[in-house]
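Be aware that the sequence shown starts at 1036, since it is given in my numbering, and climbs by one per residue. For each residue, glycine too, the CB sits at the ideal point set by N, CA and C. Just so it is clear, the structure is predicted and the values come from calculations on it, not from any experiment. Data first, discussion second: the structure below is written as structure tokens.
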Amino acid sequence: MIFGETILALSSGRLPAGVAVLRLSGPQTRFVVETICGSVPPPRKATLQILRSPAGEILDRGLTLFFPAPHSFTGEDVAEFQVHGGQAVVSAILREVTAIPGVRHAEPGEFTRRAFLNGRLDLVQTEALADLINADTEAQRRFAQSNADGAQSMLYNGWRQRLIHARAMIEAEIDFADEGDVPGSVASAIWTDMATLAEDIGGHIKGFSAAEIIQDGFKVAILGAPNAGKSSLFNALARREAAIVTDEPGTTRDVLEVALDLDGLKVMIADTAGLREGAGKVESIGIEKAKARGKAADLVLVLEDLVDPQPIDTHWLSVDRITVGTKLDLVEAHEGRACHDFRISTLTGAGIEPLLNEIRKRTEARLKVAGDILPSRLRHVELLEDTLGHLRNALSGSHHPLEIRAEELRMAADRLGRITGAIDVEDLLDVIFAQFCIGK
Ligand SMILES: Nc1nc2c(ncn2[C@@H]2O[C@H](COP(=O)(O)OP(=O)(O)OP(=O)(O)O)[C@@H](O)[C@H]2O)c(=O)[nH]1
Ligand SMILES: [Mg+2]
């Protein structure tokens, strides 16, 4: 696809920086490089050049890289300028280059959008690229990396081919039914394969919860009676004074949250208001929020003061939980109710490491049950569910004419094709590319 306009943006991070990378893509690229740098360097060879404004004023000295179409990120002629990462240097280059007719500033995600429209990447890969750029933890990075490489796309393309093949065979059966050319056993093999596929898709959809844990974090909520030591544990885990701690019951009113990186896994810890009856207006709102957070969590830590135990009612909670006895430093090690899974002291640090290990183990356990390739967006899950719905209609419709069952297979393949963008997705593009920053 040929775009009329050439686009330019700062593709590297915040200025000032040691080096800034400006990226240019489109039909005017050669002309711009010639104008600014005097000549176009050999393809893909970093070349030291002086960058000048069209009027001849020196802008900076830097490395120029030229990637001729179609072997570039966008599939168009692309150039990159690696220049000194000063605000004024970059502003001057942006200003001078966009003053050249046919060149303008790029919109967010526009380079990637061109790459997609030129078939350099499919939609799932572009989404994975956005995830890779936003990845904070090692697990997020690995997950995004494998999807950007095409693992997820390959899975869907393989499934789509199977659906298309099945439909072709079923239609052949319709066409040649009279001639008896397509033996019934072929059709039955096809339906067996489709039943397997339906199971695979169903299992894959279930893996989305693991993808959510990788991407959004394993959600841990700290619950307990007022003064149980929730905020103290929260601060110990956050390794900073993130929450106010006082000896007054009812200190915490809102839900506070910190993200932890436990050996490359993202874990979200929430501190909550102490649960008790007869609280005032503000505190009651806090308690409702605490309960809601508990219900939405993957794991709840139920804290209880070992010195002054005030058990809380948790019958409304159906989430995995760990009971934690607190303020261990105030009791003799053998004292206190021995019914807690863990006993900690935030004062001495006793028991905190084992508790963290347990949280990490539980997070890993939730990820292990899922396969290697997971749907990475709700968008994928919705389309996979549609696909599965049509596939199941085709499978269960043995009392329907074959034409109708073949049509269900076609719709299933169509829905799957919309995930990677093999099937018309014009309406989706704005949503997807809005996830990117400028220069990507
Ligand atoms: N000795 C000792 N005191 C602790 C420990 N953990 C918390 N405390 C004290 O217990 C009191 C309550 O601690 P917080 O962490 O604010 O308790 P909380 O559960 O967040 O209380 P609310 O927000 O009011 O529900 C404070 O005075 C803390 O200093 C501990 O491990 N050892
Ligand atoms: Mg608190």
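Count the other C-beta atoms from every protein chain shown that fall within 10 angstroms of the C-beta of Asp1449, then say buried if there are 16 or more, exposed otherwise.
-> That one is buried.
Cα-Cα separation, Arg1330 to Leu1426 | Looking at the sequence provided, one finds Lys at residue 1330 rather than Arg. Between Lys1330 and Leu1426, the C-alpha separation is close to 34 Å.
How far does the alpha helix (DSSP H) with Asp1166 in it reach, from first residue to last?
-> 1158-1169
Residue range of the unbroken alpha helix (DSSP H) whose run includes Glu1318 = 1316-1331
Terminal residues of the alpha helix (DSSP H) in which Glu1040 lies = Element bounds for Glu1040: n/a, residue is neither H nor E.
From which residue to which residue does the alpha helix (DSSP H) around Phe1243 run?
-> 1243-1251
Consider the C-beta atom of Leu1341 and the heavy atoms of ligand 1; say whether any pair is separated by less than 7 Å.
-> Not under cutoff, so the answer is no.
Report yes if the C-beta of Asp1289 is less than 7 Å from at least one heavy atom of ligand 1; otherwise report no.
-> no
Among Glu1145, Gly1061, Ser1046, nearest to Ala1055 - alpha-carbon criterion = Ser1046
Does DSSP put Asp1289 in a helix, in a strand, or in coil?
-> coil
State yes or no: is the C-beta of Lys1326 nearer than 7 Å to some heavy atom of ligand 2?
-> no
Starting from Asp1340, follow the beta strand (DSSP E) in both directions and report where the run begins and ends.
-> 1334-1340
Keeping to the same chain, check which residues put their C-beta closer than 7 Å to that of Val1075; ignore five residues upstream and five downstream.
-> Arg1065, Val1068, Glu1069, Phe1101
Could you check where the alpha helix (DSSP H) with His1425 kicks off and where it finishes?
-> 1413-1431
Report the residue from Phe1471, Thr1455, Phe1468, Ala1441 whose alpha carbon sits nearest the alpha carbon of Glu1208.
-> Ala1441
Would a C-beta distance cut-off of 8 Å place Leu1444 and Ala1429 closer than the cut-off?
-> yes
How big is the Cα-Cα spacing for Asp1095 and Ala1141?
-> Put simply, the backbone Cα of Asp1095 is about 22 Å away from that of Ala1141.
Coarse secondary structure for Ile1439, derived from DSSP in three states | helix
Between Ala1362 and ligand 2, is the CB less than 7 Å from at least one heavy atom?
-> According to the sequence provided, residue 1362 is Lys. The question's Ala does not apply to it. Every heavy atom of ligand 2 is 7 Å or more from the Cβ of Lys1362, so no.
Taking only the alpha-carbon atoms, compute the straight-line gap between His1415 and Leu1423 and give it to the nearest angstrom.
-> Taking C-alpha positions only, His1415 is separated from Leu1423 by approximately 12 Å.
DSSP three-state call for Gly1237: helix, strand or coil?
-> helix
Looking only at DSSP bridge pairs, what is Gly1299 linked to?
-> When beta bridges are read from the DSSP output, Gly1299 appears opposite no residue.
Check whether the Cβ of Thr1381 sits closer than 7 Å to any heavy atom of ligand 1, and report yes or no.
-> yes
Gln1084 versus Leu1057: straight-line alpha-carbon distance, rounded = 14 Å
Chain-order list of residues whose beta-carbon lies under 7 Å from that of Ala1263 (same chain, five-residue window excluded) | So the qualifying residues of the chain are Gly1309, Leu1338, Glu1339, Asp1340, Thr1361.
Verify the contact flag: Pro1284, CB atom, against every heavy atom of ligand 1, threshold strictly below 7 Å.
-> yes
Is any heavy atom of ligand 1 found at a distance shorter than 7 Å from the C-beta of Ser1319?
-> no
Cβ-heavy atom distance between Ala1278 and ligand 2 below 7 Å?
-> yes
Report the residue from Ala1325, Ser1411, Leu1300, His1434 whose alpha carbon sits nearest the alpha carbon of Leu1391.
-> Leu1300
Between the region 1159-1173 and the region 1122-1142, do three or more beta carbon pairs fall short of 8 Å?
-> Counting C-beta pairs with one atom in each stretch, the region 1159-1173 and the region 1122-1142 have fewer than three that are closer than 8 Å, which means they do not touch.
Chain-order list of residues whose beta-carbon lies under 7 Å from that of Glu1024 (same chain, five-residue window excluded) = Residue coverage of the chain in this structure runs from 1036 to 1475, which leaves residue 1024 outside it and unanswerable.
Relative to the alpha-carbon of Ser1353, which residue among Leu1334, Ala1114, Gly1285 has its alpha-carbon at the smallest distance?
-> Leu1334
Less than 7 Å between the CB of Phe1108 and some heavy atom of ligand 3, yes or no?
-> Here the bound small molecules are ligand 1 and ligand 2; ligand 3 is not part of this structure.
Compute the Euclidean distance between the alpha carbons of Phe1468 and Pro1103, then round it to the nearest angstrom.
-> Their backbone Cα atoms lie some 24 Å apart in a straight line.
Alpha-carbon to alpha-carbon, Arg1311 and Ile1322 | 8 Å
Quickly, what does DSSP pair Leu1098 with across the bridge? List them, please.
-> Leu1083, Gln1117
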